[in-house]
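Residue numbers (my numbering), protein chains in the order written: chain A, 139 to 394; chain B, 6 to 311.
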């Protein structure tokens, strides 16, 4: 009955100079689902993201993208295979225009030197630009394609980063704290925006501290604490789980 | 007055050489944050190979002596090939072995090694004395009032403008140009976005080899003589021009290179040849105190690079 598993971690472990940051973590992300990865500070969420996207390589374990183990692939190869991510701190190219930033995301689909050297005014390359502009319009960002991103507000840059990630046509999109630094109105706006992204058939895996965003956006939640998975189930019941409560609020005798 | 104007014209022509070499420096430093010291010897190598091909023909008796244009083409091709070897042996090899994205001292030092090796190999093969390189229009001039513009100067200027224009179009309007600019601003994010960094970095070296080659060709056409020490002389001034104009900026390299060229010819004219180095570098130091980022200073130079 369940949708197919599109991304799976199997016993993934990572230590930094002897300190285990992620221990034996396994979970499934199902196609079309919006999954949140939460946990107290230092729980290993961002490390898990970096292991999935390839910024770090896992000490042990397998990372399966549509059934293929990508744990040994280089980050760019993972992008080509259908994995995209945004960053906790915005990593747009500040002095490239909005549309150029988005077009950088298309490089995962570019092959060969001829593709790279074709001038933009030729029809074949015009199509790349048109695609980037129409994606921006589809997500309500079509008003300033030629503006340099350094000049734009934070909330808008966050969205541009997501649109850029979408240009590689990912199966799974990893979002690292998309609501960090946004006010309540911007967060609500972002939620609608991400709902729209999910409706395009992209599976979302989100690290987020803002529980209101997690509750309204994600149907499934995974909780990490000290590098261990302590909860994996529906978002609706995460706050009744004793282990999760203990991780966030401390042992019962402390909380009482 | 007319003499000063004539010196300005000569300075602009000399500046064209500096501009082209400065752009080669600028490209590797702007995109890879790598101060590539093999650029001056590649410039010299182009001119020396061109002279040797025009004098003796291709090596191993493959051809009779080439005409001037084919000889320059040969020189440029050798510069590009040598630039790719440098990429393999300095930048990529050192990077792959010693990894870290901010470690630039190792490629820098190994490129210094290449500078000395290439220059001394050329000295061993062809000696240190200047050699004549002639074109059919070596001694032709145009006169405007009292001003003289030689045809080689004009030809060189056109060549320099064409290569600068072509480079700026390539950077702005092709997918590879955008990839290069995105690597310059954020190599890690570019890599994660699927930009094929491993394939694009050699392109930087092809382009800087081409720029060195064109600069060497301009020099040979313009001055009619080439020598093993020419790389040092021009390389220093090109770096001065690049820094003056602002690292990482095409316009900066153009304006800075021309300023250095004009200051050089004017100071020779007004104060004599011995004063050139002191005046050019003194001017640079003063300019840097006033405006440390250079005239068209770029934002991202020196931050986390590939």
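Each residue gets a CB set at the ideal place from its N, CA and C atoms; glycine is no exception. Since the structure is predicted, the reported quantities are computational estimates derived from the model, not experimental observations.
Look at the region 186–204 of chain B: the residues with a C-beta under 8 Å from a C-beta of chain A are 186, 187, 190, 191, 193, 194, 195, 196, 197, 198, 199, 200, 201, 202, 204. For residue 200 of chain A against residue 168 of chain A, the beta-carbon gap comes to about 18 Å, at or over 8 Å, which does not count as contact. For residue 154 of chain B, the uninterrupted beta strand (DSSP E) segment begins and ends at 152–155. The Cβ atoms of residue 76 of chain B and residue 88 of chain B lie no closer than 9 Å to each other. The C-beta distance from residue 28 of chain B to residue 34 of chain B rounds to 11 Å, too long to fall under 8 Å, and the pair is not in contact. Residue 189 of chain A and residue 240 of chain A do not touch by the CB rule: their CB atoms are close to 27 Å apart, not below 8 Å.
Annotation: residue 71 of chain B is outside any beta strand (DSSP E) and is labelled neither H nor E by DSSP. Residue 93 of chain B is outside the set of residues whose beta carbon lies under 9 Å from a beta carbon in chain A. When secondary structure is reduced to three states using DSSP, residue 233 of chain B falls in the coil class, being assigned neither helix nor strand. For residue 372 of chain A, the beta-bridge partners assigned by DSSP are A:358. Residue 244 of chain B is a Cβ neighbour of residue 30 of chain B, given a cutoff of 9 Å.
Taking a cut-off of 8 Å for Cβ pairs, the region 226–233 of chain A and the region 175–194 of chain B touch, as three or more such pairs fall below it.
Assigned with DSSP and collapsed to three states, residue 200 of chain B falls in coil, not helix or strand. Per DSSP, the unbroken alpha helix (DSSP H) holding residue 258 of chain B starts and ends at 255–276. Counting along the chain, the unbroken alpha helix (DSSP H) around residue 289 of chain B starts and ends at 281–295. Residue environment: residue 272 of chain B is assigned as buried (16 or more neighbouring CB atoms within 10 Å of its CB, all protein chains considered).
Taking a beta-carbon distance threshold of 9 Å, residue 238 of chain A counts as an interface residue toward chain B. Rounded to whole angstroms, residue 245 of chain A and residue 303 of chain A show a C-alpha spacing of 11 Å. In this structure the region 45–55 of chain B lies against the region 116–135 of chain B, because at least three pairs of beta carbons, one per stretch, are closer than 8 Å. Contact between the region 208–222 of chain B and the region 155–169 of chain B is established, with three or more Cβ pairs separated by less than 8 Å.
Among the residues of the region 251–262 of chain B, none has a Cβ less than 7 Å away from any Cβ of chain A. In terms of Cα proximity to residue 43 of chain B, the closest of B:116, B:212, B:131, B:274 is B:116. Around the Cβ of residue 297 of chain B, a 10 Å sphere holds fewer than 16 other Cβ atoms; the residue is exposed. Residues of the same chain with a CB within less than 8 Å of the CB of residue 7 of chain B, apart from the 5 flanking positions on each side, are 150, 151, 152 in chain order. Contact between the region 66–73 of chain B and the region 133–142 of chain B is present: three or more C-beta pairs spanning the two stretches fall below 8 Å. The C-beta distance from residue 211 of chain B to residue 85 of chain B rounds to 6 Å, short enough to meet the 8 Å contact threshold.
Straight-line spacing of the CA atoms in residue 283 of chain A and residue 340 of chain A works out to 24 Å.
With fewer than 16 other Cβ atoms from the protein chains shown falling within 10 Å of its own Cβ, residue 380 of chain A counts as exposed. Across the set B:248, B:92, B:267, B:200, the C-alpha of B:248 shows the shortest separation from the C-alpha of residue 289 of chain B. Between the alpha carbons of residue 213 of chain B and residue 329 of chain A lies a gap of roughly 46 Å. Where residue 30 of chain B is concerned, the enclosing alpha helix (DSSP H) starts and stops at 7–37. For residue 382 of chain A, same chain residues with a beta-carbon under 7 Å away, outside a window of 5 residues either side, are 361, 368, 369, 376 in chain order. The distance from the Cβ of residue 16 of chain B to that of residue 291 of chain B is about 19 Å, inconsistent with a contact at the 8 Å cut-off. In this chain, the beta strand (DSSP E) harbouring residue 344 of chain A covers 341–345. At a cut-off of 9 Å between beta-carbon atoms, residue 86 of chain B makes no contact with chain A. In the displayed model, residue 191 of chain A falls within a helix according to three-state DSSP.
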